[in-house]
Amino acid sequence: MRDSLDELSELAATAGGEVVGDGSQKMEAPTAATFIGSGKAGEFARFCQGQDVDTVIFDDELSPAQSRNLERVFDCKVLDRTSLILDIFAQRARTKEGKLQIELAQLQHLLPRLTRFWGHLSRQKGGIGMRGDGETQLETDRRRVQDRIARIARELDTVRRQRSTQRQGRQRSLWPLASIVGYTNAGKSTLLNALTGSEVLAEDKLFATLDPTTRRLRLPTNQNALLTDTVGFIRKLPHGLVEAFKATLEEVVQADLLLHVVDASHPQVEDQILAVNAVLDEIGATGKPTLMVFNKMDKLINGERKFIDRFPNVVGVSAMTGEGVPALIQEIGKHIRPEREFLELVVPHEASAVIARLHAVAQVVERNYDGDTTARFKARIPPHLHEEFAPFIVQELQTA
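So for the sequence shown, my numbering puts the first residue at 425; every next one is plus one.
Shown next as structure tokens:
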């Protein structure tokens, strides 16, 4: 429980709040009216008044009725963990798609709670466009929210189709896709930068980046792969948020390989692994080829590996210092090898553009110069480029 409260405190700070205290209560089951007992609620209320608290955040999800009742007791705003995470996501979203996804999750969370905002508007309101003798303001707003949810869902469906078209284009080029997943603040964006030489925003904050970023990764086999950084996961990640981000998280489901990045130095590392696996299961990505990447190895005391060796397919790295990154690139290359034709080609020296193209897109295994006129290559070439190099192919070779 202490670990969860500490994480809630960090989430509140990320959202821009100043935490002045916390508390907990052991109960067999939450109370229907106020989630916590009446005595504990009174204790918290006195603390809030004494410290001039304007917001109380609960680590679990509250029902609309519980939120309303607690606000009356505390005389201040009451949020649950879901509301807090949605607020952070709303601050961090930058792209139109990300903003739509957050708005959808927020509206779905708001819909059953509208009574809390419009409890004072119980009068009937007639006029043009109103049904029958009139409609309450609450019913009007509920209908507007439902209409907005439907519009956003349609827009996100368009995004999903666009992403599907992009994936089909990638599949035609036979570039494999690896998706980086992991607990928030495990160092995913820093690792993407270390692997690809890009400059994606990487901060020591929860949910520093939300919008997916894809970069090209050049492997030692001279092949190209796509590496996608996805939104970070967290314990008790709201189901509605997972649903809203389905269009983005489909990149994870469609990936050829998952890089599960773990903060090896975190005291709750096992819980974080389980939380990530739970989200992967929820989006249908369980069982995909996965490479466990234990990051921040430089922070381990005396190089202690803890329980890392218990996991299969493990690479230890420090994305910040670069330690272990070359070994990780080698491992990625072993796990995502697309089908390639092993061919022998003879190319005239004057066809320098063809030679340059061969080195750019193929894995050149052997090169020999036949006098001053031609060069002979043994290379592995993506099948879709066979026609491009056909005039120079002399034979197909046995795969080595």
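Just so you know, even glycine gets a beta-carbon here, dropped at the ideal spot from N, CA and C. Predicted, not measured: the structure shown is a model, and the values here were computed from it.
(1) For Leu-682 versus Ala-709, is the C-beta spacing smaller than 8 angstroms?
(2) Note down the Cα distance separating Lys-758 from Lys-723, rounded to an integer number of angstroms.
(3) Which value, in whole angstroms, describes the spacing of the CA atoms of Val-741 and Asp-733?
(4) Suppose only complete runs of 3+ residues qualify. What are the beta strand (DSSP E) ranges in the stretch 657 to 737, listed by chain order?
(5) Need the endpoints of the alpha helix (DSSP H) that Ser-428 sits in, please.
(6) Using the DSSP secondary-structure output, state which residues sit across from Ile-481 in a beta bridge.
(7) What residue range is occupied by the uninterrupted alpha helix (DSSP H) comprising Arg-526?
(8) Per DSSP, what kind of secondary structure is Leu-510 in: helix, strand or coil?
(9) For Glu-675 versus Thr-654, is the C-beta spacing smaller than 8 angstroms?
(10) Pick out whichever of Ala-465, Arg-470, Asp-446, Glu-765 has its Cα sitting closest to the Cα of Gln-822.
(11) Using the C-alpha atoms, what's the distance from Cys-472 back to Leu-446?
(12) Does the distance from the C-beta atom of Val-502 to that of Ser-491 stay below 8 angstroms?
(13) Give the secondary structure of Pro-772 by DSSP, where H, G and I count as helix, E and B as strand, and everything else as coil.
(14) Buried or exposed, going by whether 16 or more other CB atoms sit within 10 Å of the CB of Gly-656?
(15) For Asp-794, which beta-bridge partners are listed by DSSP?
(16) Which of the three DSSP states is assigned to Leu-641 in this structure?
(17) Using the three-state DSSP reduction, which class does Gly-466 fall into: helix, strand or coil?
(18) Closest to Pro-713 by CA distance: which of Leu-673, His-783, Leu-601 is it?
(19) Any idea what DSSP makes of Leu-767, helix, strand or coil?
(20) Just to confirm the assignment, what range does the alpha helix (DSSP H) spanning Leu-650 have?
(21) Does Gly-740 come out as helix, strand or coil in the three-state DSSP assignment?
(22) Tell me where the alpha helix (DSSP H) around Glu-811 begins and ends.
(23) When the Cα of Glu-431 is compared with those of Pro-691, Asp-794, Phe-718, which residue comes out closest?
(24) For the 8 angstroms Cβ check, are there 3 or more pairs between the stretch 519 to 535 and the stretch 574 to 587?
(25) Answer with buried or exposed for Pro-806, where buried requires no fewer than 16 other C-beta atoms within 10 angstroms of its C-beta.
(26) Residues in the same chain with beta-carbon distance under 7 angstroms from Gln-532, minus the five sequence neighbours each way, listed in chain order, please.
(27) Got a sec? Which residues, its chain only, sit under 6 angstroms from Gln-819 by beta carbon, not counting five neighbours each side?
(28) How many whole angstroms separate the CB atoms of Leu-641 and Leu-615, which I take to be in contact at a CB cut-off of 8 angstroms?
(29) Considering only residues of the same chain and omitting the five flanking positions on each side of Gln-754, which have a CB-CB separation below 8 angstroms?
(30) Which residue wins for smallest C-alpha separation from Gln-475, given the options Lys-520, Glu-442, Val-666, Met-451?
(31) Under three-state DSSP, which class holds Phe-459?
(32) Could you tell me the alpha carbon to alpha carbon distance between Phe-718 and Ser-507, rounded to whole angstroms?
(33) In this structure, how does DSSP classify Leu-443 when only helix, strand and coil are distinguished?
Reading from the atomic positions:
(1) yes
(2) 28 angstroms
(3) 14 angstroms
(4) 681 to 687, 714 to 719
(5) 426 to 438
(6) Leu-503
(7) One point to set straight first is that residue 526 is Ile, not Arg, in the sequence displayed. 520 to 534 is the span of the alpha helix (DSSP H), which, as asked, contains Ile-526.
(8) helix
(9) yes
(10) Glu-765
(11) In the sequence on display, residue 446 carries Asp and not Leu. Roughly 11 angstroms separates the two Cα atoms.
(12) yes
(13) strand
(14) buried
(15) Thr-798
(16) strand
(17) helix
(18) Leu-601
(19) strand
(20) Looking at the DSSP string, Leu-650 is not in any alpha helix (DSSP H); the run it does join, the beta strand (DSSP E), is 648 to 653.
(21) strand
(22) 810 to 813
(23) Pro-691
(24) yes
(25) buried
(26) Ile-573, Gly-664
(27) Glu-768
(28) That pair is no contact at about 11 angstroms.
(29) Pro-644
(30) Glu-442
(31) strand
(32) 31 angstroms
(33) The identity of residue 443 in the sequence shown is Val, whereas the question assumes Leu. Coil at Val-443, not helix or strand.
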